[in-house]
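Engineer: Order-wise, the sequence lines are chains A and B.
In terms of the UniProt record's numbering, the first sequence is residues 1 to 191.
In terms of the UniProt record's numbering, the second sequence is residues 1 to 191.
Take a look at this one; I'll ask things after.
Protein chains: 2
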Amino acid sequence: MARAGLSARRLIRAGAELADEVGFDQVTVSALARRFDVKVASLYSHLKNSHDLKTGIALLALEELAERAADALAGRAGKDALAAFANAYRDYAREHPGRYAATRFPLDPRTAAASAGRRHAQMTRAILRGYDLPEPDQTHAVRLLGSVFHGFVSLEASGGFSHSAPDAPETWTWVVDHLDALLRSLRPPGP
Amino acid sequence: MARAGLSARRLIRAGAELADEVGFDQVTVSALARRFDVKVASLYSHLKNSHDLKTGIALLALEELAERAADALAGRAGKDALAAFANAYRDYAREHPGRYAATRFPLDPRTAAASAGRRHAQMTRAILRGYDLPEPDQTHAVRLLGSVFHGFVSLEASGGFSHSAPDAPETWTWVVDHLDALLRSLRPPGP
DNA sequence: GTAAATTGCCTAAAAGGCTTAGGCAATTCC
DNA sequence: GGAATTGCCTAAGCCTTTTAGGCAATTTAC
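Structure, rendered in structure tokens:
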């Protein structure tokens, strides 16, 4: 009998695609087996269990998102960097809703520490360097940006903005503009 | 055989408690039946299905949250109202994480329209009246506040802020302060 | 107060998901 | 080519959801 050529890597990638198609919480070992036209039990040679699969998808998504954000940031600073970062975030969530949802999958602390999650925080701090904020403002600002980006993207994904004018992209621009203004207002008076 | 005294209302309330204890997506018809020491099939006299149960919990949570927010808002205006509203939101999410998660359960449009969801938006607009914003700024601001509150609360719930100083409440105060400043900066110059 | 109608919880059963155990065939290694 | 390993399989157990049909407890109506 011909082999299907499964591997943890392929399964996780396929799981990510499946997530984008049907939603992250509809990702199931069974559905994945169907997609490879293979019996469910076969997947267990490559995955510990269902939780393991979801963790893998989460790590993949965090990785991809970090890469996009890093690309967006390259060669930019100040408001330019802020806007590029914000857009990278939102665009990823819109193009890959299932993967984006996966980035919210709760990771155990060891896994989280080894994930691309840290890079996200570091990139946010890199953006804020352009605004020259003293501590603890900088940390507060990291959290504010994280909250706004995640909050906006997740409300938009659940359709929260879709039935009223103005449209979501307009608000997004407005939000980024005013976050920039807010951050600039925090910069201590120069020497 | 003695009856257990089930009803849709009781089941939904118990489901909400269960959600707070074990997480909203661990809420299951089976678990609920166990809690009432009743056979699973018995619940189907009171609930259409599992989705129905979750919808019920979501509606209950939206209702409770709206009531708290309304209480918080009573007799306040301006920054005072903003802070009280923000705290009502965050406190509810911290005290009732499962119910809070339920407020994010996707409702079909008809159900959503009849839910307390609208009241939330109206209360946000009520707060913003104190800042006297022209359209479309007001709508953008409604969305900004929604994004920040939801984003912050959900990142805090997933432990995003727990392993670094300063602590989350400090950031929360900072965020509310600076949102207030941002909103004030938008007020058009008076006559 | 009792008979009839309704309601509430039950058993049974089907269908689908997760997971483990153990087996045989395909591949890889020497 | 033979031995060792790997990859997918069958089988089986357990859990959750949902429907169907039944009997007993309660409520309603006389």
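A virtual CB, placed ideally from N, CA and C, is assigned to each residue, including glycine.
Would you call the CB atoms of residue 195 (chain B) and Phe36 (chain B) closer than 8 Å?
Structural biologist: Nothing in the structure corresponds to residue 195 (chain B), since chain B is present only between 1 and 191.
Engineer: For His120 (chain B), which residues in chain A fall below 9 Å Cβ to Cβ?
Structural biologist: Walking along the second sequence from the start, residue 120 (chain B) turns up at place 120. Chain A residues near His120 (chain B): none, gap ~10 Å exceeds 9 Å.
Engineer: From the DSSP output, in three-state form, read off Arg94 (chain A) for me.
Structural biologist: For the purposes of this step, residue 94 (chain A) is identified with residue 94 of the first sequence, where counting begins at 1. It is helical.
Engineer: At which residues does the alpha helix (DSSP H) containing Gln122 (chain A) begin and terminate?
Structural biologist: In the first sequence, residue 122 (chain A) corresponds to position 122, counting from 1. Here the alpha helix (DSSP H) through Gln122 (chain A) covers Gly117 to Arg129.
Engineer: Apart from the five residues on each side of it in sequence, which residues of its chain come closer than 8 Å, Cβ to Cβ, to Ala117 (chain A)?
Structural biologist: Here residue 117 (chain A) refers to the residue found at position 117 of the first sequence. Per the sequence shown, residue 117 (chain A) should be read as Gly rather than Ala. Here the set comprises Leu62 and Leu107.
Engineer: Is DSSP giving His51 (chain B) helix, strand or coil here?
Structural biologist: Position 51 of the second sequence, counted from the start, is the residue given in the question as residue 51 (chain B). DSSP places His51 (chain B) in helix when its eight states are reduced to three.
Engineer: In chain order, which alpha helix (DSSP H) runs of at least 4 residues are fully inside the UniProt domain "HTH tetR-type" (5-65) of chain B?
Structural biologist: With a minimum length of 4 residues, the continuous alpha helix (DSSP H) runs that stay inside the UniProt domain "HTH tetR-type" (5-65) of chain B are 8-22 and 29-36.
Engineer: Whether or not the stretch 163-181 of chain A and the stretch 80-94 of chain A are in contact is what I'm after, with contact meaning three or more pairs of Cβ atoms, one per stretch, closer than 8 Å; do they touch?
Structural biologist: Yes, the stretch 80-94 of chain A is in contact with the stretch 163-181 of chain A.
Engineer: Are the Cβ atoms of Lys54 (chain B) and Ala8 (chain B) separated by less than 8 Å?
Structural biologist: As a working note, residue 54 (chain B) is residue 54 in the second sequence. As a working note, residue 8 (chain B) is residue 8 in the second sequence. Cβ atoms of Lys54 (chain B) and Ala8 (chain B): not closer than 8 Å.
Engineer: Report the residues of the stretch 144-162 of chain A with a CB closer than 8 Å to any CB of chain B, ordered along the chain.
Structural biologist: From the stretch 144-162 of chain A, only Leu144, Gly146, Ser147, Val148, Phe149, His150, Gly151, Phe152, Ser154, Leu155, Ser158, Gly159, Gly160 and Phe161 have a Cβ closer than 8 Å to chain B.
Engineer: When the cut-off is 8 Å and only beta carbons count, does Leu59 (chain A) lie next to chain B?
Structural biologist: What you label residue 59 (chain A) is simply residue 59 of the first sequence in a count that begins at 1. Output row for Leu59 (chain A): interface = no.
Engineer: Counting only beta-carbon atoms, is Arg35 (chain A) nearer than 8 Å to chain B?
Structural biologist: Along the first sequence, read from residue 1 onward, the residue named residue 35 (chain A) stands at position 35. Chain B contact via Cβ: absent.
Engineer: From the beta carbon of Val29 (chain A), is the nearest beta carbon of chain B less than 8 Å away?
Structural biologist: By 1-based counting over the first sequence, the position of residue 29 (chain A) is 29. No, Val29 (chain A) does not count as interfacial toward chain B.
Engineer: In three-state terms, what does DSSP make of Leu107 (chain A)?
Structural biologist: For the purposes of this step, residue 107 (chain A) is taken as residue 107 along the first sequence, with counting starting at 1. Leu107 (chain A): coil per DSSP, three-state reduction.
Engineer: Tell me which residue opens and which closes the alpha helix (DSSP H) that Leu182 (chain B) is part of.
Structural biologist: Position 182 of the second sequence, counting from 1, holds the residue named residue 182 (chain B). Looking at the DSSP string, the run of the alpha helix (DSSP H) that includes Leu182 (chain B) is Ala168 to Leu186.
Engineer: Between the C-alpha atoms of Asp20 (chain B) and Phe105 (chain A), what's the straight-line distance to the nearest angstrom?
Structural biologist: To locate residue 20 (chain B), count along the second sequence from 1; it is residue 20. To locate residue 105 (chain A), count along the first sequence from 1; it is residue 105. Their Cα atoms are separated by approximately 18 Å.
Engineer: First and last residue of the alpha helix (DSSP H) that includes Gly151 (chain B)?
Structural biologist: For this step, residue 151 (chain B) is matched to residue 151 along the second sequence. Counting along the chain, the alpha helix (DSSP H) containing Gly151 (chain B) begins and ends at Asp137 to Ala157.
Engineer: Going by DSSP in three states, Arg99 (chain A) sits in which element: helix, strand or coil?
Structural biologist: Translated into positions along the first sequence, residue 99 (chain A) becomes position 99. Correct three-state label for Arg99 (chain A): helix.
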